[in-house]
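Heads up, the sequence shown is in my numbering, so the first residue is 32 and it goes up one at a time.
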Amino acid sequence: MLYIFVPVICVLHVAIGKCKIIFSSILHETVSTMKAIHEEKCTALNGGSPMHPELLSELEKEIPIIRTAQGYADGVGNAVPIGQRGEIWTRTYTTMTGYFNDSEKTNETITSSS
32 MLYIFVPVIC VLHVAIGKCK IIFSSILHET VSTMKAIHEE KCTALNGGSP MHPELLSELE
92 KEIPIIRTAQ GYADGVGNAV PIGQRGEIWT RTYTTMTGYF NDSEKTNETI TSSS
């Protein structure tokens, strides 16, 4: 999922928000990344690969980070054990708020905790 998540989200951010994107190198360098974030006046960060806990801690002190939760569930929202089929469920401020002109489907699909 990472391989599609990052390009799609980055393209959407540029198309919708007319913003700049910083791609850090595979071999992460905290100082150069923080410098680029500062110089380019970044207002949002996203990523899909592991981040060193120390870097995350440094970033959270400087930039409020909105969390995204993702998991797999059965049809009613119960977590599915690893290796079993399920639906992808996400929770974040960017998740849709409902189906267009279909309140019945929205009420069926969107839970009170999402």
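All residues carry an ideal CB built from backbone N, CA and C; glycine is no exception.
These numbers were taken from a predicted model, which means no experiment stands behind them.
Option in the options with minimal Cα separation from residue i
{"i": "A100", "options": "T121, V107, T64, M65", "result": "T121"}
{"i": "E139", "options": "T64, E85, G106, H83", "result": "G106"}
{"i": "M65", "options": "E91, A110, T123", "result": "E91"}
Distance CB(residue i)-CB(residue j) smaller than 8 Å
{"i": "Y130", "j": "E118", "result": "no"}
{"i": "T61", "j": "E93", "result": "no"}
{"i": "E71", "j": "K51", "result": "yes"}
{"i": "C73", "j": "I53", "result": "yes"}
{"i": "G108", "j": "T142", "result": "yes"}
Residues bridged to residue i [DSSP beta-bridge criterion]
{"i": "Q115", "result": "Bridge partners of Q115: none, in fact."}
{"i": "T100", "result": "According to the sequence provided, residue 100 is Ala. The question's Thr does not apply to it. DSSP lists R122 as partners of A100."}
{"i": "A110", "result": "A104"}
Endpoints, the alpha helix (DSSP H) within which residue i is located
{"i": "E93", "result": "84 to 93"}
{"i": "K72", "result": "Looking at the DSSP string, K72 is not in any alpha helix (DSSP H), and its letter there is neither H nor E."}
{"i": "K136", "result": "134 to 140"}
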